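Let me begin by presenting the structure, written as structure tokens, before commenting on it.
Numbering (our numbering), first residue to last: 18 to 469.
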């Protein structure tokens, strides 16, 4: 009897996650494509890009992602979550043909920047949308399902990219956002929170009747949404600091996402080929990368299963400690190799260590900070707060990707991984003392907890 109503939510989340799949392919696009662009035999340019130009094709994605949250967050508030997500599909559909057929470096810059706008917007609007249409009992699992689709996109990109030419690869990637546009338009309802925010209670009730079971449940949740949602027309940055709850939410959100960046994840994702080449493992770099991202994809299914059983806090703690324990031996291995110590007996250690790092990242610090971002802030400032936090994190990601190779040349790759491990240990302390548990709580109950 309840299955059709449950399916409305599941269909909406699944179709929306096709956009997140496209985001995963955009993030790891550079892994297979930069080497082809730099090779005179495979580059589409008359002259292969210089070593100074290539990093911009990676980092401009993150710079665009820093601006996307404000643009698409505004659209979500003004026009609704569903239209905003549909608009987000446009850069992915339009830019992939540019990357497939353009013979101009500047066109690649523009396309990657626009893809970044979509990437940043998707990771801000989609978690909010899922949080607002999901029941509190399965909100954690559905929110972290984004990680599964992002990892599937990463695996798809890394598995296909090295073995087909640039044009074919990019045109294949354009198919997924196109399917998203059709499926999401067809299957996804608007968020009831948006309808309440514009005082359209009849539409909000109609949506809740589609996605919830029972008249009493619908009316109770509608009342809760009305209690949470206020007029947002005069809200600004200063409102984030208006109460104890929002200040604590800001500290937790920024802290988790900063530690996420300083775990070293972007260096691993964007430059995995170069890392494996420098660590001297016996396997080909592209094979090592596929192994690591396969572990990432498989581990992404664990979090949706356990997050609502064990809670966010314990999983984040185990994730941080696991990442640190994975990066310490990798850092020592790389450091010993720079001292010309014979490490051939453990030449597979980089693959094993990075696979373990990705596993622990992916079950906790990968999906959960973004899921918590959609849970911690009240509806009245959720868009501007999450946009501000998200933009800050993407700016950090920009500097991490742009200057990773400079940092490796300056301090050494071994020392860099040891620094990342130290940051992960600090993250575990932060989780213990600062993070609150939101498992099984409604969005209103989370605000009451933060105000306590």
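Glycine included, each C-beta is placed from N, C-alpha and C at the ideal position. Computed from a predicted model, the values in this text were never measured in an experiment.
Pairing residue 141 with residue 360, the inter-Cα distance amounts to about 43 Å.
Closest option to residue 30, judged by alpha-carbon separation, among 82, 200, 357, 111: 200. Shown here, residue 318 sits in coil according to DSSP, grouped into three states, outside any helix or strand. In this structure, the beta-carbon distance from residue 453 to residue 466 falls below 9 Å. Counting C-beta atoms within 10 angstroms of its own C-beta, residue 118 has fewer than 16 neighbours from the protein chains shown and is therefore classed as exposed.
Under the three-state reduction of DSSP output, residue 325 falls in the helix class. DSSP, reduced to helix, strand and coil, places residue 120 outside both helices and strands of the structure shown, so it counts as coil. Counting along the chain, residue 462 sits inside the alpha helix (DSSP H) bounded by residues 460-468. Where residue 365 is concerned, there is no enclosing alpha helix (DSSP H), because DSSP gives it neither an H nor an E.
Within the stretch 91-160, the complete alpha helix (DSSP H) runs of at least 4 residues fall at 98-118, 122-150. In this structure, 406 is the residue among 406, 447, 448 with its C-alpha nearest to the C-alpha of residue 138. In this structure, residue 168 and residue 379 form a Cβ contact; the two beta carbons are roughly 7 Å apart against a cut-off of 8 Å. Relative to residue 175, the option among 363, 303, 362 whose CA is nearest is 303.
Here residue 211 is buried: its Cβ has 16 or more other Cβ atoms, across all protein chains shown, within 10 Å. Cα atoms of residue 420 and residue 218: separation of roughly 50 Å, rounded to the nearest angstrom.
DSSP, read as helix, strand or coil, puts residue 206 in coil.
Residue 49 has its alpha-carbon roughly 43 Å from the corresponding atom of residue 227. Distance from the Cα of residue 458 is smallest, within the candidate group 427, 324, 404, 368, for 324. In the three-state reduction of the DSSP assignment, residue 219 falls in the helix class, which pools H, G and I. Residue 468 has its alpha-carbon roughly 21 Å from the corresponding atom of residue 238. Approximately 5 Å separates the beta-carbon atoms of residue 112 and residue 131; this is inside 8 Å, confirming the contact.
For residue 178, the three-state secondary structure derived from DSSP is helix.
Membership of residue 271 in the alpha helix (DSSP H) is indicated by the continuous run 261-278.
For residue 67, the number of other beta carbons within 10 angstroms of its own is below 16, and it is reported as exposed. Apart from the 5 residues on each side of it in sequence, residue 106 sits with its Cβ closer than 7 Å to the Cβ of 36, 194, 197, 198 in its chain, given in chain order. For the 9 Å CB-CB criterion, residue 319 and residue 382 do not form a contact.
Linking residue 128 to residue 207 through their CA atoms gives a straight-line distance of about 29 Å. Rounded to the nearest whole angstrom, the CA to CA distance from residue 75 to residue 63 is 20 Å.
For residue 356, the three-state secondary structure derived from DSSP is coil. Using a 10 angstroms sphere on the CB of residue 446, the tally of other CB atoms stays under 16, which defines it as exposed. The closest CA to that of residue 202, considering only 215, 455, 33, 463, is found on 33.
Given a length threshold of 3 residues, the stretch 26-98 has no whole run of the beta strand (DSSP E) inside it.
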